[in-house]
Amino acid sequence: MHKVTLIPGDGIGAEITDSVKEIFEHVNAPIEWEQYDVSGLSSAGESLFKEAMESLKRNRVGLKGILYTPIDRSGHNSWNVAMRQQLDIYASVVLCKSIRGFPTRHNNVDFAIIRENTEGEYAGLEHQSYPGVVESLKVTTRAKSERIIRFAFDFALKNDRKASRELKVTCVHKANIMKLGDGLFLNTFRQVAEEYKSSGIQFNDMIVDNTSMQLVAKPGQFDVMVMPNLYGAIVSNIGAALVGGPGIVPGCNVGREYALFEPGCRHVAKDIMGTNKANPAAMILSSTMMLRHLGLESLANSIAQSTFDVINEGKVRTADMGGSATTSDFTAAVIKGL
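Convert by adding 103 to the 1-based position in the sequence shown; the result is the number in this note's numbering.
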């Protein structure tokens, strides 16, 4: 039996994590949940957040929805970011792949976004030096750049999803403008890439604005992409749009000691909260990534396959996929397929 910390999160989080719990119960998954209903809607839940963090440190594995982060200056800092920094889960992995039976503008999309998770603009280091003048610090270190870049190359080697063509790792940056910060990231990438030449991995780099255009125009050229924190947030959303939206893109955050699984696009979706309209596929697929991490490969494969079969069949689709099915309908269809 594996103990796993469960943080449903805000917005649609409770509904889509309930889907996972129902499916796991149906297949008798050897998972024991430690649930913490942390909410980012108020800073009053700080003590519960600390309890959830202790649980994550104990169990080393977690499944979570997205916690709301207030935009207002008086609001608390992001607890999503705090988790990544405190647990040092430095690598965000988001998988963007076309799904059979669900056509979009491009049907050859298949790439992984590897995003540095702990520094860059997300460090939250900013201050008002003078009324009307704000300074925000973007922190880039060679050590953290190197470890995420090595992670990306190792990921490419371990997950050869494109056996029909050469593996490729693309570094996304803005070193033409941020010559020191992004220049450090890019130069580190080039140095590390040389060490992997003998493994046959191709590598290139691309400025982030051109990357955005190329993703929309010719997404098939990308395989594994590695980038600093902020660019990862933007590119992940473009990737999700290419394959059908945030409701079907899984993701995870991993480090040396801990792993936290969550939908690849970090959307709270407060607008449809409690309406039973949310697409649970991204959370279900994220949970199968968690099962693989725990060594439960067969169980993960069966749940993932049933999820893809439901989408491919096209009879049960939530509103974001052009259908009228509810969250409950989709969950029931996945269970039926098992």
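Beta carbons: idealized from backbone N, C-alpha and C, even for Gly. Small disclaimer: the values here were computed from a predicted structure and weren't measured.
First through last residue of the alpha helix (DSSP H) which encompasses residue i
i: Met396; result: The sequence shown places His at residue 396, rather than the Met named in the question. Per DSSP, His396 belongs to the alpha helix (DSSP H) from 384-396.
i: Tyr225; result: Tyr225 -> not in any alpha helix (DSSP H); beta strand (DSSP E) instead, spanning 223-233.
i: Ser184; result: Sequence inspection shows Val at residue 184; the Ser mentioned does not correspond to that position. Segment 182-190, the alpha helix (DSSP H) holding Val184.
i: Leu198; result: No alpha helix (DSSP H) holds Leu198; the beta strand (DSSP E) holding it covers 194-200.
i: Ala117; result: 116-129
i: Thr421; result: Here Thr421 belongs to no alpha helix (DSSP H), and DSSP marks it neither H nor E.
i: Leu402; result: 400-416
Residues bridged to residue i (per DSSP)
i: Thr434; result: None; Thr434 has no bridge partner.
i: Gln305; result: Lys271
i: Glu298; result: DSSP output for Glu298 lists no bridge partner at all.
i: Phe214; result: Cys199
Helix, strand or coil at residue i according to DSSP, with G and I counted as helix
i: Pro367; result: A quick correction: the sequence has Gly, not Pro, at residue 367. It is coil, neither helix nor strand.
i: Leu283; result: coil
i: Leu170; result: coil
i: Glu219; result: strand
i: Lys106; result: strand
i: Thr244; result: coil
i: Ala428; result: strand
i: Thr207; result: coil
i: Gly377; result: coil
i: Ser142; result: coil
i: Ala155; result: helix
i: Gly348; result: coil
i: Ala362; result: strand
i: Gly165; result: strand
Residue i at chain B interface by Cβ criterion, 8 angstroms
i: Gly323; result: The displayed structure is made up of one protein chain only, and chain B is not part of it.
Cβ-based burial, residue i [other Cβ within 10 Å; buried from 16]
i: Thr378; result: exposed
i: Asp263; result: exposed
i: Arg250; result: buried
i: Ile174; result: exposed
i: Ala343; result: buried
i: His276; result: buried
i: Pro322; result: buried
i: Ser150; result: exposed
i: Thr207; result: exposed
i: Val356; result: It should be pointed out that residue 356 corresponds to Asn in this sequence rather than to Val. The residue in question, Asn356, is buried, as its Cβ has 16 or more Cβ neighbours within 10 Å.
i: Tyr465; result: Because residue 465 is not part of the residues shown, which for the chain are 104 to 441, the question remains open.
i: Met186; result: buried
Closer than 7 angstroms: residue i CB and nearest the ligand ZN heavy atom
i: Phe258; result: Of ligands this structure carries none, so the ligand ZN is not represented either.
Start-to-end residues for the beta strand (DSSP E) that takes in residue i
i: Met330; result: 327-330
i: Glu135; result: 134-138
i: Val319; result: No beta strand (DSSP E) contains Val319, which is instead part of the alpha helix (DSSP H) from 311-320.
i: Val357; result: 353-357
**Message:** Across the region 338-353 and the region 421-441, are there enough close Cβ pairs to call them in contact, namely three or more that are closer than 8 angstroms?
**Reply:** yes
**Request:** Mind the definition here: the region 365-374 touches the region 133-141 only if three or more C-beta pairs lie below 8 angstroms; say whether that holds.
**Result:** no
**Request:** Check whether the region 180-190 touches the region 383-400, counting contact only when three or more Cβ pairs, one atom from each stretch, lie closer than 8 angstroms.
**Result:** Taking 8 angstroms as the limit for Cβ pairs, the verdict is that the region 383-400 does not touch the region 180-190.
**Message:** With three or more beta-carbon pairs closer than 8 angstroms as the criterion, would you say the region 397-408 touches the region 187-206?
**Reply:** no
**Item:** Segment contact, 8 angstroms Cβ cut-off, at least three pairs: the region 154-171 with the region 308-317
**Value:** Contact between the region 154-171 and the region 308-317 is absent, because fewer than three Cβ pairs lie under 8 angstroms.
**Item:** Cβ contact (3+ pairs, closer than 8 angstroms) linking the region 232-252 and the region 428-435
**Value:** no
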